[in-house]
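If you're matching them up, the sequences are chains A and B in order.
Residue 1333 in the working numbering sits at position 110 of the first sequence, with consecutive numbering throughout.
Residue 1375 in the working numbering sits at position 152 of the second sequence, with consecutive numbering throughout.
Yeah, the Cβ is synthetic: ideal placement off N, Cα and C, and Gly gets one too.
There are 2 protein chains.
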Amino acid sequence: MVQWTDIGDVPSAEVERLRAVYGPLADSVRELIDATIRTEVDVDTVATVKAQIDAATARLRSRQTDGPFGVRFTSGGDRMAWGNPVIGIRNPVAPPVEVMRDPDGRVHTDFELGAAFEGPPGHVHGGVAALILDHLLGEVAANAESPRFTGTITLRYLRPTPLGRLHAEARITGTDGVKAYAAGYLADAEGPTVEAEGVFIQPKWAR
Amino acid sequence: MVQWTDIGDVPSAEVERLRAVYGPLADSVRELIDATIRTEVDVDTVATVKAQIDAATARLRSRQTDGPFGVRFTSGGDRMAWGNPVIGIRNPVAPPVEVMRDPDGRVHTDFELGAAFEGPPGHVHGGVAALILDHLLGEVAANAESPRFTGTITLRYLRPTPLGRLHAEARITGTDGVKAYAAGYLADAEGPTVEAEGVFIQPKWAR
């Protein structure tokens, strides 16, 4: 069973304070991830740095949630998907992508992918393109009352996507009761590199 | 243009030495990622830890490759996809997944996904399932002489995948010149949760 966490009457100002405390920590870990992949320092330096990292981890773990972050919401309507691997501001694995809602109902995002997302040399892993497009299509297919989960999604790879600045967008192409159909694409400066379309379904427990 | 890096006559023993130096560093950063998502320490502790992490990053960056890791191979045939976000032993974003080749040509893997891969509360992000299956189908579709890149892939989500221990496998279902058809699935202890099928194509420059 998928269960959201109601954290009750937490004011928006407190949500913003938490964002300002924990967001920059995740940003620092993102830099560390990039450095971990690319470093060429010697074995002794690696050992020293590893010990520093283990100490930092122990310090953070001295007080932590049981299990994953979950998705938390306040009675005021703030939604914190901060552990999400695409948009999570507290998840160093997330680029993170910031999804913008356009007035016409589309969603779009501009973001950068570096060394941590490399599949073919110098290019984005095809599965990372799938990860981001799945998320974007799912966001546009959801509505204010309820999420919709991926039923099926198909990705068409037009050409390799270079690492660097990228753009992605998605739109609803139709709805049919509990189902929404969505389509979108990932693009570099030259145009689309990957196209996606999918069916997203409101889970039974949310109907 | 996608270009592999020929690092020449590096003996396997040296490749193993490098793996033993840099692999454990990435393991430590994986633990730090999990702690970063789940920590509830106060603002002062976060500031102290952040400074430690920034210092560690600076130290690693004192000597690093220009750009991403790439995919390196030796004249002896060792292949180092160590920056890969699915299998890369040097990429803290990768779970990492270790792909096993079965005698019948299938590939399979058993692995664990924690807080960093959460989409719906307590469950694997649908796009993460897509990322791992795309990689696995691509691996089984490639052959010893040449990679094959994803042409199209379709994912069917049967039910939410819980975080924890998971299994995935893939097999070739047909070939047609430069194309290979592959299928596979992701499963928890109860059975398949996501099915995938795709067409993988040998890039023009590799034919």
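Proximal residues of chain B, C-beta to C-beta of residue i below 7 Å
i	result
PHE1340 of chain A	PRO1308
ILE1256 of chain A	VAL1252, PRO1315 and VAL1316
GLU1263 of chain A	ARG1286, GLN1287 and THR1288
PHE1296 of chain A	Result: empty, since nearest Cβ-Cβ is about 11 Å, beyond 7 Å.
Three-state secondary structure assigned by DSSP to residue i
i	result
VAL1401 of chain A	coil
GLY1246 of chain A	helix
ALA1279 of chain A	helix
ARG1253 of chain A	helix
GLU1392 of chain A	strand
LEU1386 of chain B	coil
ASP1267 of chain B	helix
THR1262 of chain B	strand
Residue i at chain B interface by Cβ criterion, 8 Å
i	result
TRP1428 of chain A	no
GLN1287 of chain A	yes
LEU1354 of chain A	yes
VAL1238 of chain A	no
ILE1395 of chain A	no
GLY1231 of chain A	no
THR1416 of chain A	no
VAL1269 of chain A	yes
Proximity test, Cβ basis, 8 Å: residue i and chain A
i	result
LEU1283 of chain B	yes
ASP1301 of chain B	no
GLY1246 of chain B	no
GLY1337 of chain B	yes
PHE1334 of chain B	no
ILE1376 of chain B	yes
LEU1437 of chain B	Nothing can be reported for residue 1437 of chain B, as the shown portion of chain B is limited to 1224 through 1430.
THR1398 of chain B	no
Chain-ordered chain B contacts of residue i [CB-CB under 9 Å]
i	result
HIS1358 of chain A	GLY1342, HIS1348, GLY1349 and GLY1350
VAL1322 of chain A	Near VAL1322 of chain A there are no residues of chain B at all, since even the closest Cβ is about 13 Å away, more than 9 Å.
Limits of the unbroken beta strand (DSSP E) element including residue i
i	result
ARG1419 of chain A	It should be pointed out that residue 1419 of chain A corresponds to Ala in this sequence rather than to Arg. Taken as a continuous stretch (DSSP letters only), the beta strand (DSSP E) holding ALA1419 of chain A covers 1414 to 1424.
LEU1378 of chain B	1372 to 1380
THR1228 of chain A	1228 to 1231
Chain B residues whose Cβ lies nearer than 8 Å to that of residue i
i	result
PHE1372 of chain A	PRO1343, GLY1349, TYR1380 and PRO1383
Partners in chain A for residue i, counting only beta-carbon separations shorter than 7 Å
i	result
ALA1431 of chain B	Only positions 1224 to 1430 of chain B appear in the structure, and residue 1431 of chain B is not among them; the question remains open.
ALA1249 of chain B	THR1259
VAL1266 of chain B	VAL1244
Contact set between residue i and chain A, taken where Cβ atoms lie within less than 9 Å
i	result
VAL1225 of chain B	PRO1343, PRO1344, GLY1345, HIS1346 and PRO1383
GLY1328 of chain B	Chain A residues near GLY1328 of chain B: none, gap ~21 Å exceeds 9 Å.
Where the alpha helix (DSSP H) containing residue i begins and where it ends
i	result
GLY1350 of chain B	1349 to 1364
Listed by chain order, chain A residues near residue i by CB distance under 8 Å
i	result
PRO1291 of chain B	ILE1260, ARG1261, GLY1337, ALA1338, GLU1341, PRO1344, GLY1345 and LEU1386
Return the chain-ordered ranges of every beta strand (DSSP E) run that is complete within the region 1292 to 1337 of chain B and spans a minimum of 3 residues. 1295 to 1297 and 1330 to 1336
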